[in-house]
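Everything below concerns the one structure shown next.
Numbering (our numbering), first residue to last: 5 to 749.
Structure (structure tokens):
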């Protein structure tokens, strides 16, 4: 065993690695916050969209036979307009031969404009009782409505039966609708009609307290005298007949401009207007009926417009905070209206891509397995010459002895170079002592000032005595025949590098089991696919072999990116070398044992991959093997390792959205179907790697929790890439629990 030490002694000041890590940590924090804010924004947008569509819970009336003993008789027997002037409940009837034409449930982008066109044609004013969520979704329709001189009232924000709701919910339904009206048309209103209401004699002990409370707040509640029942779609003649008052009486007449298919309403409305005018009726708004009947300028609680304003008597001009809050609400809804459909389309595309990927992986993995495991398959003459194993190490005191112990059992002749990258925990001393204890004379320990993993690997490559170099991490252990199997593809002179089969050794914890599934299903199936397509993007740092001349030809391990393994792999493609996967060369590595360390590792991987792809973007226009990677491998990596992983969690998000707002059972079945497809792929991958199936029991939980974390990591990486951030080699805390390959199984 030989040892090389630097000319300078151990430094007391913080190392370059430590300084870079501290600076990187300081830069990461705001990016993590931004990533979380992006996720929160997405969730808020989807919740807002679901709330706007009024699909939360049941809002139909289910109470029947409610008493009305608390409701005054003069209210039950009175007119359709209930005011609370001076705190006293009073009803007002519509004058004889007068129609207060009202429409509920709008606005609707299809039917409401048609209604407005008919009313404009016949010069008929009307009162529209609007649902706040619809107002916020279609503000332009409301602006046109108010601009034409029609009157608007509140029909709650989500079309909920207020008689079942708390005072807080009632207040919120009213305030939100007022905000929507302010944002859409710059007004508020004093008119209110409750969903599922009809004539005043239907007021009961549950709903009466709501009307009284709203009356105290200045609202005028409006009921109906005559209901067209157009929502039943009974036919045009029936709608006209049912909307006609008896004995020339005045009436508050109910139609609907939304809430369903309204073609019969559109056809019946002109006939109804002509019929009523032929009978001598005139049309007015609710405020007009009050003014005509009571001789007032405005209903109770209303403030007339000033300065020549054309506002209806029930309208108030929105100013100050309510105006700006209303505009903000309308703007937020516009974002939700655009974002959710766009996300839905994106989800469909991602779903097709993910399913296509699974199908392609299964087919190509099966072909790869059969090809490489044929009895007569051979790379060429057996490779028996010695190789150099390079072990870069930074503070690996827990693991380095186990690593050397596993290499001591190698069935292939090797020399071992341990490159101590400025460790402060005695890694080099432990390595020397372990080599002496094992009687290993083929170990060299090289110490260098802390410069990062790429520099450590390059130091090892320059110092290697053999033409094939195997690179492994300082926390990894090899099986006895790993090196022998790993170097056999070099019998083919076209092969420049070989990726081994990295296994998670510490898989007894939940986090370890999740990563085990990911390694077997994702990484190894992917590598089989990429091998056949001749566009392998990454040789894992835990186990990879290279022709020394190929590494030197590529300029060594680059420090330009955090993913030096991806960088050198792509560089080899661009230099014309073939990169293959050797499934039987297995290494057992210690995966991160905490969520914090897992985040740090995957952040470095994903960000480094983005850096490497950007660095080698010119391969898109190259010819030969470089162009093959650029036009086949690079799009696959971008699609399957960046784009789809970012959007794939939307499957879970949309599943939750659908369960809450749409159809719980259908959404659950769809999610289970996707999970079953993934389980099939995972089971096949486990079969190929001869792994135990029991770990697949953790897969549903992995899809719910682990994938969401990977989503945040990718967003974090994308934000860092867009902001031009840079990170250095990040050291993970090791426990040394992966002692031997057998123990890892």
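Heads up, the beta-carbon is just placed ideally off N, CA and C, and yes, glycines get one too.
Because the structure is a prediction, the values reported are computed rather than measured.
Output the boundary residues of the alpha helix (DSSP H) element that contains residue i.
| i | result |
| --- | --- |
| residue 594 | Per DSSP, residue 594 belongs to no alpha helix (DSSP H) and is neither H nor E. |
| residue 280 | 267-282 |
| residue 431 | 431-442 |
| residue 94 | That residue, residue 94, is in no alpha helix (DSSP H); its beta strand (DSSP E) goes 94-96. |
| residue 132 | Run containing residue 132: none in the alpha helix (DSSP H); it sits in the beta strand (DSSP E), 131-134. |
| residue 574 | 568-578 |
| residue 668 | 668-692 |
For residue i and residue j, what's the separation of their Cα atoms in angstroms?
| i | j | result |
| --- | --- | --- |
| residue 341 | residue 140 | 10 angstroms |
| residue 441 | residue 418 | 18 angstroms |
| residue 232 | residue 246 | 5 angstroms |
| residue 688 | residue 526 | 12 angstroms |
| residue 456 | residue 331 | 53 angstroms |
| residue 595 | residue 675 | 29 angstroms |
| residue 510 | residue 535 | 27 angstroms |
| residue 570 | residue 392 | 21 angstroms |
| residue 29 | residue 604 | Its pLDDT being 47, under 50, residue 29 is placed unreliably in this model, and the value from its coordinates should be taken loosely. So the alpha carbons of these two residues sit roughly 10 angstroms apart. |
| residue 573 | residue 437 | 34 angstroms |
| residue 184 | residue 78 | 34 angstroms |
| residue 308 | residue 126 | Caution is warranted here: a pLDDT of 36 is assigned to residue 308, below 50, making its placement in the model unreliable, and no coordinate value can be reported. |
| residue 336 | residue 48 | 10 angstroms |
| residue 270 | residue 199 | 22 angstroms |
| residue 379 | residue 530 | 24 angstroms |
| residue 685 | residue 169 | 48 angstroms |
For the beta strand (DSSP E) holding residue i, just list the boundary residues, first then last.
| i | result |
| --- | --- |
| residue 157 | 155-158 |
| residue 392 | 391-397 |
| residue 505 | 499-508 |
| residue 548 | 548-551 |
| residue 85 | 85-87 |
Smallest Cα separation from residue i: which of the options?
| i | options | result |
| --- | --- | --- |
| residue 704 | 261, 681, 716, 256 | 681 |
| residue 656 | 268, 672, 643 | 672 |
| residue 219 | 209, 196, 272, 115 | 196 |
| residue 131 | 437, 258, 90 | 258 |
| residue 711 | 651, 409, 286, 94 | 651 |
| residue 620 | 609, 607, 605, 637 | 637 |
| residue 371 | 644, 458, 264, 537 | 537 |
| residue 171 | 344, 609, 214, 240 | 214 |
| residue 539 | 460, 623, 471 | 623 |
| residue 400 | 481, 568, 324, 333 | 481 |
| residue 515 | 563, 83, 599, 384 | 599 |
| residue 82 | 147, 543, 256, 150 | 256 |
| residue 434 | 550, 406, 625, 567 | 406 |
| residue 549 | 493, 564, 625 | 493 |
| residue 576 | 502, 176, 115, 686 | 502 |
| residue 447 | 453, 468, 143 | 468 |
| residue 320 | 210, 352, 278, 191 | 191 |
| residue 618 | 642, 597, 683 | 642 |
| residue 772 | 532, 275, 597 | Since the displayed the chain opens at 5 and closes at 749, residue 772 lies outside it and no answer follows. |
| residue 162 | 324, 135, 202 | 135 |
| residue 145 | 189, 179, 124 | 189 |
| residue 470 | 390, 450, 404, 409 | 390 |
For residue i, write down the residues that DSSP places opposite it in a beta bridge.
| i | result |
| --- | --- |
| residue 256 | 104 |
| residue 452 | 425 |
| residue 195 | 224 |
| residue 287 | 103 |
| residue 447 | 420 |
| residue 482 | 591 |
Tell me which residues share the same chain as residue i and place their Cβ nearer than 6 angstroms to its Cβ, disregarding the 5 neighbours each side in the sequence.
| i | result |
| --- | --- |
| residue 101 | 252, 284, 285 |
| residue 464 | 394, 421, 423 |
| residue 296 | 99 |
| residue 289 | 129, 131, 155 |
| residue 773 | Look at the range of the chain in this structure, 5 to 749, and you will see that residue 773 is not part of it. |
| residue 581 | 500, 554 |
| residue 327 | 186 |
Using a Cβ-Cβ cut-off of 7 angstroms (strictly less than) and excluding sequence neighbours within five positions of residue i, which residues of its own chain qualify?
| i | result |
| --- | --- |
| residue 523 | 506, 507, 508 |
| residue 80 | 72, 204, 205, 207 |
| residue 413 | 484 |
| residue 557 | 579 |
| residue 262 | 109, 110, 111, 112, 115, 116, 138 |
| residue 561 | 458, 461, 462, 568, 572 |
| residue 201 | 227 |
Go through its chain and collect everything with a Cβ distance to residue i's Cβ below 8 angstroms, but skip five positions before and after it.
| i | result |
| --- | --- |
| residue 254 | 97, 98, 99, 100, 101, 102, 103, 104, 229, 293 |
Can you find a CB in chain D that lies within less than 8 angstroms of the CB of residue i?
| i | result |
| --- | --- |
| residue 275 | Here chain D cannot be found, since the structure has a single protein chain. |
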